[in-house]
Every structure is written in structure tokens, then in C-alpha cells.
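J.: First the structure, which I've put down as C-alpha cells, then a few questions once you've had a look.
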Amino acid sequence: NSSVAQKSEETKKPTNTPKPKVTNKPTATPKPTLTPQQIIANFEKDGTAVTVASIYKSPNSYTGKQLIFSCKVFGFPKDEDGNVAGLNCSDPNSFGSNVQVAIGDEVDVTKINEDDNIKVYGIGIGAIKGENAFGAEITTGGVMGMYINDLTTGYKNY
121 NSSVAQKSEE TKKPTNTPKP KVTNKPTATP KPTLTPQQII ANFEKDGTAV
171 TVASIYKSPN SYTGKQLIFS CKVFGFPKDE DGNVAGLNCS DPNSFGSNVQ
221 VAIGDEVDVT KINEDDNIKV YGIGIGAIKG ENAFGAEITT GGVMGMYIND
271 LTTGYKNY
């Protein structure tokens with residue numbers, strides 16, 4: 121019965137187990153969440169300080185650029201549903217110069233009032249057309265307001 125003895129000899133031999141290969145694949149590192157102070161500091165580092173008058177004068181030259189400016193709120197333009205969709209702002213040092221700051225739902229417009237002075241951190245969107253209170257077509261500079269700091273009330277959306 122040599123076949124049984126041969127099989128038992130085979131089972132006693134250690135099997136050759138392949139060693140796992142080590143891969144140096146990095147694992148995804150989660151991006152840290154920035155604090156509001158870090159967000160504003162980055163915006164101030166990368167953005168351009170401008171005046172409303174300069175945006176009003178040449179709005180298309182600021183398209184796509186990070187802009188920082190202060191202005192005085194003089195109106196709240198509405199969307200087709202009657203919701204506030206922006207802030208009309210004037211330059212306190214240049215009569216007649218104004219911009220329209222588009223805002224998202226994260227801005228609590230109940231905390232911003234007419235005649236408040238605000239600081240805007242936004243992206244230039246170029247010249248925009250609209251109607252003034254008298255129905256005349258006007259063209260002004262547009263800015264997508266990312267972060268709003270109401271210097272009068274202390275409200276910030278960040």
C-alpha cells in the first residue's frame with residue numbers, strides 16, 4: 121500500500137504560499153475644512169482690492185477675477201419669483217457708480233439693510249443689463265458675491 125504512504129508523505133510537505141506584494145499606493149487624504157478666517161485670508165491673498173467706481177467703469181475687465189470692495193447698499197433686486205437675488209451697491213466716494221452683487225440662498229438678506237456699508241468678496245461677472253426703477257435699460261458691473269460682511273450690523277454669511 122505504497123500509494124497511501126506516498127499521499128501521507130505529500131500531505132506532510134509544506135505548501136509554497138506566495139508572499140503578498142507590497143504596493144505603495146497612497147490613500148486619499150481628506151481635504152481639511154477651512155475656517156471662515158482662513159477662507160477670507162485666502163481671498164484677500166489671491167483677490168484684488170478694487171472700488172465700485174472701477175468695476176462700474178470697466179466691468180468686463182474684471183470678469184472671472186476675485187474682487188474685494190466696500191460699498192453702500194441702495195436696493196434689493198428680485199428674481200422672477202419675487203425673492204431677493206442681489207444687492208445694488210454704490211461707491212461711497214463716486215456718485216453714480218454702482219454694481220449689482222448677485223447673492224445665493226446662504227446670504228440672509230433680512231440682516232442687510234438699505235444704507236448699510238458692506239464688504240464684498242466676490243467674482244467679477246462682467247457687464248450686466250437690467251432696468252432701473254423708471255423702466256430705463258441700464259448696464260452696470262456685476263459681481264457674484266461669495267462672502268458678505270455687513271460693516272454696519274456685523275452680519276457675515278461666512
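Heads up: the sequence shown is residues 121 to 278, going by the numbering used here. Note that the Cβ used here is the ideal one computed from N, Cα and C, for glycine as well. What you are looking at is a predicted structure, and each value in this text was computed from that prediction instead of being measured.
1) With distances taken from CA atoms, which of Pro150, Met264, Asn208 and Pro156 is nearest Gly246?
2) What span of residues does the alpha helix (DSSP H) with Phe163 cover, start to end?
3) Tell me the rounded alpha-carbon separation between Asn334 and Thr260.
4) Would Lys239 and Leu207 qualify as a contact pair, given that the criterion is a beta-carbon distance under 8 Å?
5) For Lys177, report the span of its alpha helix (DSSP H) as first-last.
6) When DSSP labels each residue in this structure, what does Thr230 get in the three-state scheme?
T.: For this structure:
1) As a first step, residue 246 must be located in the sequence shown, where it is residue number 126. Answer by Cα proximity: Met264.
2) What you label residue 163 is simply residue 43 of the sequence shown in a count that begins at 1. Residues Pro156 to Asp166.
3) No answer is possible for residue 334: it lies beyond the span of the chain, which begins at 121 and ends at 278.
4) As a first step, residue 239 is located in the sequence shown; it is residue number 119 there, counting from the start. As a first step, residue 207 is located in the sequence shown; it is residue number 87 there, counting from the start. No, the Cβ-Cβ distance between Lys239 and Leu207 is not below 8 Å.
5) Translated into the one-based positions of the sequence shown, residue 177 becomes position 57. Note, Lys177: alpha helix (DSSP H), Val172 to Lys177.
6) In the sequence shown, residue 230 corresponds to position 110, counting from 1. DSSP places Thr230 in helix when its eight states are reduced to three.
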